[in-house]
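In full-length UniProt numbering, the protein residues as written are 1 to 372. The beta carbon of each residue, even a glycine, is placed where N, CA and C say it ideally should be. No experiment lies behind these values; they were computed from the predicted model shown.
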């Protein structure tokens with residue numbers, strides 16, 4: 001960006017946000033984590049808790065416990081380990097978590113049942129099996145669904161990897177139902193992305209079930225020796241700047257993905273190519289993200305052999321085949337910028353200029369104009 005020509009850019013493969021955070025937490029200045037979707041911010045929030053780092057949302061409030069996919073995951077782990085909801089008793093976010101569970105568990109609610117179920121489970125020392133069992137009396141489909149939920153009860157211990165519990169929930173059909181009750185397709189898609197992001201986090205972190213529950217229900221005290229990370233969507237970050245910025249969620253499936261209202265799920269989005277108009281709008285949004293930083297820009301991307309080959313060969317164009325990492329990282333001109341800026345710093349411009357491509361020469365003129 002013209003106002004910050006000496007920004008350092010780092011590319012991190014494997015979607016491992018915790019590794020980036022461990023390095024960035026010792027940096028000085030303000031810090032932000034930006035994403036196109038709220039689902040990636042939920043994963044970032046859990047990762048920050050796991051790392052013991054301070055954070056706050058740009059709007060000042062945490063949205064983690066209000067995400068319905070968090071409700072089904074938390075209640076699923078509670079039932080798998082303890083067989084009941086004892087750890088939610090007197091918890092300030094109990095209602096939001098129970099609401100999320102009831103919304104995403106795949107029950108076919110009849111008129112008035114959802115409200116009655118929520119009210120029943122919010123009663124002191126409420127028993128989930130009795131409350132829902134009585135409510136579903138005479139409704140075989142609902143009773144069968146409740147019976148499937150009962151099969152996971154106390155199958156695991158506190159030391160069981162949380163990812164194993166999530167996979168058990170998936171096997172019993174309680175993950176595929178996430179987002180099916182969404183009012184809008186945009187919301188449904190975001191909830192499914194949320195599950196996918198958290199699943200990736202549980203695979204990489206290998207935390208056990210008790211640790212996962214603590215991260216959501218009783219997070220420990222965060223460090224006080226660094227500025228809090230600001231969490232924001234790319235749209236919300238417009239007009240703002242931080243010293244250090246991390247961009248997450250940089251995969252082609254989600255960014256540009258497709259128009260949210262054109263898709264119903266992450267799986268569907270892969271088969272719904274975005275229009276050129278949408279791609280250009282998303283490209284501008286990516287530009288917003290990479291120009292929010294003044295000192296250091298960190299881009300967290302999935303493993304993508306194509307991108308590694310692109311960087312090795314110093315290409316800076318949009319790939320013809322659908323990539324894994326977002327096309328915007330491919331076409332951003334990282335290698336052109338690096339090659340030309342190195343030539344400037346090493347005073348070898350005149351010697352190398354004849355070998356530069358037109359794109360490299362364009363970068364060279366721009367960097368010389370900025371006097372880097």
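- Counting only unbroken stretches of 3 or more residues, the beta strand (DSSP E) elements lying wholly within the stretch 35-96 are 55-57, in sequence order.
- In this structure, the CA atom of residue 112 is about 52 angstroms from the CA atom of residue 318.
- Taking all protein chains shown into account, residue 346 has fewer than 16 neighbouring C-beta atoms within 10 Å of its C-beta and is therefore exposed.
- Assignment of beta-bridge partners to residue 296 by DSSP yields 8, 244.
- Counting only runs that start and end inside the stretch 169-223, the alpha helix (DSSP H) elements of at least 4 residues fall at 185-205, 209-217.
- Residue pairing by DSSP places residue 33 opposite 231, 246 in a beta bridge.
- Under the three-state reduction of DSSP, residue 101 is assigned to helix.
- Straight across, the Cα-Cα distance linking residue 140 with residue 177 is about 18 angstroms.
- In the three-state reduction of the DSSP assignment, residue 13 falls in the strand class, which pools E and B.
- Per DSSP, reduced to three states, the secondary structure at residue 313 is coil, with no helix or strand assignment.
- The three-state reading of DSSP puts residue 308 in helix, counting H, G and I together.
- Restricting attention to 110, 90, 79, the CA atom closest to the CA of residue 101 is found in 79.
- In the three-state scheme derived from DSSP, where H, G and I count as helix and E and B as strand, residue 325 is classed as strand.
- Non-local C-beta neighbours of residue 243 in its own chain, meaning closer than 6 angstroms and more than five positions away in sequence, comprise 29, 30, 294, 295, ordered along the chain.
- Fewer than three Cβ pairs drawn from the stretch 127-144 and the stretch 158-174 lie within less than 8 angstroms of each other, which leaves the two stretches out of contact.
- Out of 12, 7, 153, the CA that lies nearest to the CA of residue 303 is found in 12.
- Around the Cβ of residue 86, a 10 Å sphere holds fewer than 16 other Cβ atoms; the residue is exposed.
- The beta carbon of residue 18 sits closer than 8 angstroms to the beta carbons of 47, 50, 51, 204, 205 from its chain, once the five residues preceding and following it are set aside; these are given in chain order.
- Cβ-Cβ distances below 8 angstroms link residue 214 to 220 in the same chain, with the five nearest sequence neighbours on each side left out; the list follows chain order.
- For residue 130, the enclosing alpha helix (DSSP H) stretches over residues 128-135.
- Note on residue 355: under 16 other CB atoms within 10 angstroms of its CB, so exposed under the neighbour-count rule.
- Put simply, of 332, 337, 298 the residue whose alpha carbon is nearest the alpha carbon of residue 24 is 298.
- Nearest in C-alpha terms to residue 246, of all of 21, 14, 6, is 21.
- Judged by DSSP secondary structure, residue 226 falls outside any alpha helix (DSSP H); it is assigned neither H nor E.
- About 13 angstroms separates the beta carbon of residue 150 from that of residue 131, a gap too long to meet the 8 angstroms contact definition.
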